[in-house]
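Just so you know, we're using numbering that gives the first Met the number 0 here: the sequence shown kicks off at 0 and counts up by one. C-beta atoms are modelled at their ideal positions from N, C-alpha and C, and glycine is treated no differently. Owing to the predicted nature of the structure, the values given are computational and were not obtained by experimental measurement. See structure below.
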Amino acid sequence: MDVTPDFDIVIVGGGMAGAALACAVGRGDWRVALVDPVPPAPWQDEAPASQGPEDYDRRVVALTRASEEFLRSLGAWEQMAAQRISPYQGMYVWDADGTAHIEFQAADLYEPSLGHIVENRIVTGALWHQVRQLPVQIVSQKVAGFARMGELVRLTLGDGSSLTSKLVVAADGAESPLRRMAALPTREWDYEQHGIVATVVTEKPHQRTAWQRFLPEGPLAFLPLHGPDDRYCSIVWSTTPEQARELLAMPDEAFCAALGDAFEQRLGAVVGVSRRQALPLRQRHAKHYVQPGIALVADAAHTIHPLAGQGINLGFLDVAVLADELLRARERGVDFARLSVLQRFQRRRMGHNLATMAAMEGFKRLFGADPLPLRWMRNTGMRWLNEQAWLKNQVAALALAQDMLPKRWLSGVPQERVATTGLAH
Ligand SMILES: Cc1cc2nc3c(=O)[nH]c(=O)nc-3n(C[C@H](O)[C@H](O)[C@H](O)COP(=O)(O)OP(=O)(O)OC[C@H]3O[C@@H](n4cnc5c(N)ncnc54)[C@H](O)[C@@H]3O)c2cc1C
0 MDVTPDFDIV IVGGGMAGAA LACAVGRGDW RVALVDPVPP APWQDEAPAS QGPEDYDRRV
60 VALTRASEEF LRSLGAWEQM AAQRISPYQG MYVWDADGTA HIEFQAADLY EPSLGHIVEN
120 RIVTGALWHQ VRQLPVQIVS QKVAGFARMG ELVRLTLGDG SSLTSKLVVA ADGAESPLRR
180 MAALPTREWD YEQHGIVATV VTEKPHQRTA WQRFLPEGPL AFLPLHGPDD RYCSIVWSTT
240 PEQARELLAM PDEAFCAALG DAFEQRLGAV VGVSRRQALP LRQRHAKHYV QPGIALVADA
300 AHTIHPLAGQ GINLGFLDVA VLADELLRAR ERGVDFARLS VLQRFQRRRM GHNLATMAAM
360 EGFKRLFGAD PLPLRWMRNT GMRWLNEQAW LKNQVAALAL AQDMLPKRWL SGVPQERVAT
420 TGLAH
């Protein structure tokens, strides 16, 4: 006997990835539910005040052009831009023990920017604002159980109720309870590093440049934020768990002094800091992204060191490709929940995710290595690459990742518009 499921697609987790997927597949083609115990507050159109470092979300992401395009096609980008996004035109990377550096400029690529720094709460809030206007059922519960019932999946919710679906998508983050419940195995390793995040105020303007210094304990990034006199930055300071504990315990003044020293006072003294938070850094990759009736996306499928700001950019590509495959199956009259459809998504994404993770791991090891020959190699390599304009531009163009986005998600809005209409703050 055929049982009619409650939904065609249930998305578990309403972070950036889950909310983006709900926008992409929730336009009425299917009965879609988005399940998250803590949906964000309703969207406010006015930009949040930026009178002090506490007015910013401590968690930010550097978004590539591909992510921008995808978010634009989902209708979220204009909302984000109306609140607060921070385009950056330069990137400057250097090594603690050498004299070499590498520098990228958007103008060399004839691009208006290399990307945008955006607070996580703005990305998530703008996506939820779109979801709330779509025929998507919002379920404010956590998922507590997973079971297969023939071709369907049954999810048990925190309040003891349950719902059934043809397909469930786990977008429930790095610890993914759903991945564990569905017994999808991962490979993972601890970096023995914590990332301290905070918003800081510097003496000198950030020059709309993303700065990163490689220290022996881990990289330190200053990411430019839109704010008074361009003097606000979001920092990610990756270091040992012991040093992270010490840095968190310091009074603000001592922390600012230590941070300024670690950053070689590139932007003058650090004169203000928000509350700080340390996040453990792990690399993790699911051995399979799909099984019958279930697919994993974004952090539920893979987490990566934040040194190159790729985590949710890879996650948005997962979401864009999964939605592309589901819509493609529908257009061809094929059952969208078929394992072969899900496997096409896995084939299109796993190689790129693994290659990016391997490259980041290589960077991390090269820059974390202390032996003299390796220090010489990375300084000579950086100096050499910085002088090779063509090659350097190829590397930067790869990082924009525009080619990876399925065509149906290209918004077609010329990028110059963003730079000239004042949409971008
Ligand atoms: C220090 C740091 C800096 C970073 N910088 C960058 C960057 O510059 N660029 C970049 O691209 N990426 C960056 N990342 C990575 C990026 O933050 C993550 O990739 C992104 O937040 C993952 O989004 P997600 O939607 O997959 O998961 P999450 O944001 O973790 O969302 C998961 C959602 O699932 C919900 N959930 C959990 N359990 C359940 C359950 N049982 N039932 C229902 N719902 C559930 C949660 O409430 C949450 O809303 C950084 C990460 C760190 C740690």
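{"Asked": "Neighbour-count burial assignment, Val333, 16 or more Cβ in a 10 Å radius", "Found": "exposed"}
{"Asked": "heavy atom of ligand 1 below 8 Å from Glu191 C-beta", "Found": "no"}
{"Asked": "Near ligand 1: Glu241 beta-carbon under 8 Å from a heavy atom", "Found": "no"}
{"Asked": "CB of Gly308 within 9 Å of CB of Leu224, strictly", "Found": "no"}
{"Asked": "Ligand 1 heavy atom lying under 8 Å from the CB of Gln211", "Found": "no"}
{"Asked": "Three-state class that DSSP yields for Thr63 in the structure shown", "Found": "coil"}
{"Asked": "Rounded Cβ spacing between Val31 and Ala16 (contact assumed at less than 8 Å)", "Found": "Actually they are not in contact, since the Cβ atoms of Val31 and Ala16 sit about 15 Å apart, beyond 8 Å."}
{"Asked": "Inter-residue CB distance, Gly157 and Gln140 (contact presumed, cutoff 8 Å)", "Found": "5 Å"}
{"Asked": "Own chain partners of Phe335 with C-beta closer than 6 Å, once the 5 adjacent residues on each side are dropped", "Found": "Leu325, Ala328, Arg329"}
{"Asked": "Through-space distance from Phe315 to Phe344, alpha-carbon basis", "Found": "13 Å"}
{"Asked": "Proximity test, Thr201 beta-carbon vs ligand 1 heavy atom, cut-off 8 Å", "Found": "no"}
{"Asked": "Alpha carbon of Trp408 to alpha carbon of Ile121, nearest angstrom", "Found": "21 Å"}
{"Asked": "Host alpha helix (DSSP H) of Pro176 (start-end)", "Found": "176-180"}
{"Asked": "Close beta carbons around Val2, own chain, < 8 Å, minus the five adjacent residues each side", "Found": "Met148, Gly149, Leu151, Thr163"}
{"Asked": "Contact test: Val9 Cβ vs ligand 1 heavy atom, cutoff 8 Å", "Found": "no"}
{"Asked": "Beta bridge counterpart(s) of Ala19 as assigned by DSSP", "Found": "DSSP, once it has assigned bridges, lists no residue as partnering Ala19."}
{"Asked": "Top-ranked residue by Cα proximity to Leu62, from Pro52, Met79, Arg274, Gly194", "Found": "Met79"}
{"Asked": "Closest Cα partner of Ala256 within the set Thr201, Val296, Ser112", "Found": "Thr201"}
{"Asked": "Rounded distance between the beta-carbons of Ala105 and Gln82, thought under 8 Å", "Found": "So it is not a contact: roughly 22 Å between Cβ atoms."}
{"Asked": "In DSSP terms, what Ile195 is bridged to", "Found": "Trp236, Ala277"}
{"Asked": "Cα-Cα separation, His128 to Pro215", "Found": "42 Å"}
{"Asked": "Which of helix, strand or coil DSSP assigns to Met249", "Found": "coil"}
{"Asked": "Contact check, Ile92 vs Trp210, beta carbons under 9 Å", "Found": "Looking at the sequence shown, residue 92 is not Ile but Val. For Val92 and Trp210, yes; Cβs fall inside 9 Å."}
{"Asked": "Nearest-angstrom Cα separation, counted from Val138 out to Ala75", "Found": "21 Å"}
{"Asked": "Check: Ser66 C-beta below 8 Å from any heavy atom of ligand 1", "Found": "yes"}
{"Asked": "Chain C within 9 Å of Ser112, Cβ atoms only", "Found": "Reference to chain C is not applicable here, since this structure consists of a single protein chain."}
{"Asked": "Cutoff 8 Å; reference Thr185; Cβ partners in own chain excluding five residues on either side", "Found": "Arg178, Arg283, His284, Ala285, Lys286"}
{"Asked": "Closer than 8 Å: Gln140 CB and nearest ligand 1 heavy atom", "Found": "yes"}
{"Asked": "Closest residue to Asp5 among Ser161, Glu77, Gly51, Pro52 (Cα-Cα distance)", "Found": "Ser161"}
{"Asked": "Start and end residues, alpha helix (DSSP H) containing Arg329", "Found": "310-330"}
{"Asked": "Where Gly85 falls, given that 16 or more other Cβ within 10 Å makes a residue buried", "Found": "Rather than Gly, the amino acid found at residue 85 in this sequence is Ser. Buried."}
{"Asked": "Coil, strand or helix - Val138 by DSSP", "Found": "strand"}
{"Asked": "Classification of Leu338 by the beta-carbon crowding that lies within 10 angstroms, buried from 16 upward", "Found": "exposed"}
{"Asked": "Reduced DSSP category for Thr3 - H, G, I as helix; E, B as strand; rest coil", "Found": "coil"}
{"Asked": "Asn352: CB within 8 Å of a non-hydrogen atom of ligand 1", "Found": "no"}
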